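*Asks:* Numbering (this note's numbering), first residue to last: 34 to 315.
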Amino acid sequence: AKKDGRNAYRFFTSEMQAQSARALMLENALRRALERRQLSLHYQPQFSLDPDGEARIVGAEALLRWQHPELGWVSPAEFIPVAEASGLILPIGEWVLREAVSQLRRWDDAGLPGLSMAVNLSAVQFRHADLPQLVERVLSEIGVPAERLELELTEGAAMDDPAVAITVMNELHARGVLLSIDDFGTGYSSLSYLKKFRVGKLKIDQSFVRDLTDDAEDRAIVDAVIRMAAALGLQTLAEGVETEGQLAFLRRHGCQAVQGYLFSRPLPAEAFAEFVLARTAP
Ligand code: C2E
Ligand code: CA
Ligand code: CA
Ligand code: CA
Numbered sequence: 034a035k036k037d038g039r040n041a042y043r044f045f046t047s048e049m050q051a052q053s054a055r056a057l058m059l060e061n062a063l064r065r066a067l068e069r070r071q072l073s074l075h076y077q078p079q080f081s082l083d084p085d086g087e088a089r090i091v092g093a094e095a096l097l098r099w100q101h102p103e104l105g106w107v108s109p110a111e112f113i114p115v116a117e118a119s120g121l122i123l124p125i126g127e128w129v130l131r132e133a134v135s136q137l138r139r140w141d142d143a144g145l146p147g148l149s150m151a152v153n154l155s156a157v158q159f160r161h162a163d164l165p166q167l168v169e170r171v172l173s174e175i176g177v178p179a180e181r182l183e184l185e186l187t188e189g190a191a192m193d194d195p196a197v198a199i200t201v202m203n204e205l206h207a208r209g210v211l212l213s214i215d216d217f218g219t220g221y222s223s224l225s226y227l228k229k230f231r232v233g234k235l236k237i238d239q240s241f242v243r244d245l246t247d248d249a250e251d252r253a254i255v256d257a258v259i260r261m262a263a264a265l266g267l268q269t270l271a272e273g274v275e276t277e278g279q280l281a282f283l284r285r286h287g288c289q290a291v292q293g294y295l296f297s298r299p300l301p302a303e304a305f306a307e308f309v310l311a312r313t314a315p
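(1) For F112, which three-state DSSP category applies?
(2) Closer than 8 Å by C-beta to G276: which residues in its own chain qualify, once you throw out the five before and the five after it? Chain order, please.
(3) Only counting the same chain, and skipping five residues up and downstream in sequence, which positions put a Cβ closer than 7 Å to that of N40?
(4) V107 bridges to which residues according to DSSP?
(5) Use the C-beta contact count for T313: other C-beta atoms within 10 angstroms, 16 or more gives buried, fewer gives exposed.
(6) How long is the line joining the alpha carbons of G120 and F282, rounded to whole angstroms?
(7) Please give the ranges of any alpha helix (DSSP H) in the stretch 130-173, keeping only runs that are unbroken, at least 4 residues long and fully inside the region.
(8) Assign K36 to one of three DSSP states: helix, strand, or coil.
(9) To which residues of the same chain is S135 closer than 8 Å at the C-beta, ignoring the five residues directly before and after it?
(10) Taking only the alpha-carbon atoms, compute the straight-line gap between A196 and E307 and give it to the nearest angstrom.
(11) Would you list, in sequence order, the uninterrupted alpha helix (DSSP H) runs of no fewer than 4 residues that lie entirely inside the stretch 165-236?
(12) Measure from the alpha carbon of V207 to the alpha carbon of each residue in S223, G220 and R231, then state which is nearest.
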């Protein structure tokens, strides 16, 4: 046992030791991942929903992938926290932004319909002073209008320091970039902040979508979020949509957009382009 400063003891079990050894090993491997070209992006299509029309592809969410020669595919749920704790998320996050915006440009050049590109931001990137300038620089270097980029921020990242969040959101908004709150409903955002935050969209967390067809409470929550968002002039996108039943509920209750395995898993860039072309061909 190790004394914790106050009068509590923290016990390090062998399981905890194994976990921190793995984190350390991942951190070292992650340091070289960028230069060794082990990182890539997959893209999951996002669809707009009309009350009765067809779902239409309107954008993509870029999702980071890491393939290590010995470790294989490491899940972002495991390596993103390691990247955040070590500061590696800054160079990695910048690479993600550049790669996603470049890919959007390549799709434009290849004649795909004008999609939006959603990029996940870590709280560490969000707090970094240079973010609005970096975003502006990347967009102008690659030649993509700011309105095509959407940055996804979790509630936690925004609520960490709401005053800073409001300033950064204003700066991004002034540059024309769209912001959305990711995993909405899982954090602890004070609803009063929603009207101060310069966000355009709430992404309803997949944990509320999962049991939508048999859980009355989840249905009530999702319905309430959609209504509240509409009253505040915000769009809603439900993530993790896997069944027709979930889709029907979301459509009926006025959710504007969806993404999920029902439509497509996240795809490598080439496969994404084929998917879009197959769906939009006359
Ligand atoms: P997220 O931003 O909430 O992304 C949605 C996750 O749900 C993705 O997992 C996606 O593959 C998965 N998903 C999509 N549709 C479905 C579905 O229908 N059912 C189920 N069960 N899952 C679905 P993924 O790609 O493993 O990413 C996990 C998390 O890692 C992301 O959650 C995000 O928080 C983080 N992440 C991924 N890429 C980046 C990145 O470039 N930067 C940062 N900062 N975080 C990232
Ligand atoms: Ca996201
Ligand atoms: Ca999410
Ligand atoms: Ca999530």
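All C-beta atoms, glycine included, are put in the ideal place defined by N, C-alpha and C. Computed from a predicted structure; not experimentally measured.
*Replies:* Looking at the atomic coordinates:
(1) helix
(2) The sequence shown places Thr at residue 276, rather than the Gly named in the question. T246 and L295.
(3) Its pLDDT being 48, under 50, N40 is placed unreliably by the model, and the measurement read from it follows with that caveat. Correct list: empty, nothing qualifies.
(4) W99
(5) Classification of T313: exposed, given that the 10 Å Cβ count is below 16.
(6) 41 Å
(7) 156-160
(8) Bear in mind that a pLDDT of 47 at K36, under 50, signals an unreliable position, so the model cannot answer this.
(9) I175
(10) Whole-angstrom Cα-Cα distance: 43 Å.
(11) 188-192, 195-207 and 224-227
(12) One detail in the question is off: residue 207 reads as Ala in this sequence, not Val. When only C-alpha atoms are compared, the closest one is R231.
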